[in-house]
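Structure first, then comments.
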Amino acid sequence: MNKVFFMLAFAVLAMFSCSSPEPYPGYSKSPEGIYYKLHAFGSGDKKVQPGDYITASISYHTLSDSSFFDARRTVKVTEPSYETSIDACFLMLSKGEKASFIIPAAPFFHQTLETNLPDFLNPADSMKVKINMIEVQRESEFRREKEAFLNWIDDFGEYEKVLLKQFLE
Numbered sequence: 006m007n008k009v010f011f012m013l014a015f016a017v018l019a020m021f022s023c024s025s026p027e028p029y030p031g032y033s034k035s036p037e038g039i040y041y042k043l044h045a046f047g048s049g050d051k052k053v054q055p056g057d058y059i060t061a062s063i064s065y066h067t068l069s070d071s072s073f074f075d076a077r078r079t080v081k082v083t084e085p086s087y088e089t090s091i092d093a094c095f096l097m098l099s100k101g102e103k104a105s106f107i108i109p110a111a112p113f114f115h116q117t118l119e120t121n122l123p124d125f126l127n128p129a130d131s132m133k134v135k136i137n138m139i140e141v142q143r144e145s146e147f148r149r150e151k152e153a154f155l156n157w158i159d160d161f162g163e164y165e166k167v168l169l170k171q172f173l174e
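Quick note on the numbering used here: the sequence shown kicks off at 6 and runs consecutively.
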């Protein structure tokens with residue numbers, strides 16, 4: 006009996022000593038390979054879907070937390086073109102949620118932004134993306150709101166109309 010107990014204890018110890026530590030403590034890993042941490046729950050009634058328009062505060066950081074982009078944007082979410090795309094991050098959220106994601110930097114810059122990797126990042130580096138999901142609108146809601154706004158600016162003078170239309174385009 007002692008021999009069986011000793012062998013079982015040894016097997017459990019060996020199993021735990023061989024497991025690799027999590028690369029990003031506090032983060033969970035999605036099936037797509039995106040590491041994520043939810044900071045605030047949302048309403049849950051409006052989960053992001055491909056084709057939706059979202060308004061979000063988005064910031065990009067190095068893994069040492071140096072920020073290199075921070076803005077509020079309204080964008081149309083598309084079907085992810087690769088597993089760890091930022092669209093895959095958007096699709097994990099609902100209205101009102103805040104989360105951090107760790108994604109590979111090279112595909113983000115090369116495939117999503119269609120630009121070169123910044124000098125301060127190496128091709129094998131990951132980056133942190135922080136998203137505060139402010140609004141989720143279905144395409145019909147977005148179009149209706151945009152049309153109402155465009156009708157509203159029709160009351161402005163010609164100069165203001167030109168400026169606002171240029172801004173919207």
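Using N, Cα and C, we set each Cβ at its ideal position, and we do this for glycine too. Here the structure is a predicted model, which is why all the values come from computation and not from measurement.
Near Gly56, what residues of its chain come up, given a Cβ to Cβ distance below 6 Å and the 5 sequence neighbours on each side ignored? Taking the first residue of the sequence shown as position 1, residue 56 is located at position 51. So the qualifying residues of the chain are Glu144.
Under the three-state reduction of DSSP, which class applies to Thr60: helix, strand or coil? Along the sequence shown, one-based indexing puts residue 60 at 55. Annotated three-state conformation of Thr60 is strand, per DSSP.
When burial is assigned at 16 or more other CB atoms within 10 Å of the CB, is Cys134 buried or exposed? Position 129 of the sequence shown, counted from the start, is the residue given in the question as residue 134. The sequence as given places Val at residue 134; Cys does not occur at that position. Counting Cβ neighbours within 10 Å, Val134 comes out buried, since at least 16 surround it.
Identify the continuous beta strand (DSSP E) that holds Ile39 and give its terminal residues. The count along the sequence shown starts at 1 and reaches residue 39 at position 34. First-last for Ile39: undefined, no H or E at that position.
Does the beta-carbon distance from Glu152 to Ala93 come in below 8 Å? Walking along the sequence shown from the start, residue 152 turns up at place 147. Walking along the sequence shown from the start, residue 93 turns up at place 88. Cβ atoms of Glu152 and Ala93: not closer than 8 Å.
Between which two residues does the beta strand (DSSP E) carrying Gln142 extend? Position 137 of the sequence shown, counted from the start, is the residue given in the question as residue 142. Annotation: the continuous beta strand (DSSP E) that includes Gln142 extends over 131-142.
Between Thr60 and the rest of its own chain, which residues show a CB-CB distance below 6 Å, the 5 nearest in sequence each way excluded? Position 55 of the sequence shown, counting from 1, holds the residue named residue 60. Excluding five sequence positions before and after Thr60, the CB atoms of its chain that fall closer than 6 Å to its own CB belong to Thr79, Ile139, Glu140, given in chain order.
Got a sec? Which residues, its chain only, sit under 8 Å from Val176 by beta carbon, not counting five neighbours each side? The question about residue 176 has no answer, for the chain in this structure spans 6 to 174.
Beta strand (DSSP E) runs contained entirely in the segment 41-102, provided each spans 3 or more residues: Counting only runs of 3 or more, we get 58-66, 72-81.
Secondary structure at Phe125, three-state DSSP: helix, strand or coil? In the sequence shown, the residue the question calls residue 125 occupies position 120. Correct three-state label for Phe125: coil.
Pairwise C-alpha distance: Ile108 and Tyr65: Start at 1 with the first residue of the sequence shown, and residue 65 comes out as number 60. Start at 1 with the first residue of the sequence shown, and residue 108 comes out as number 103. When rounded, the distance between both Cα atoms is 10 Å.
From this set, Glu150, Glu165, Ile136, which residue's C-alpha is nearest Ala76's C-alpha? The residue given as residue 76 occupies position 71 in the sequence shown. It is Ile136.
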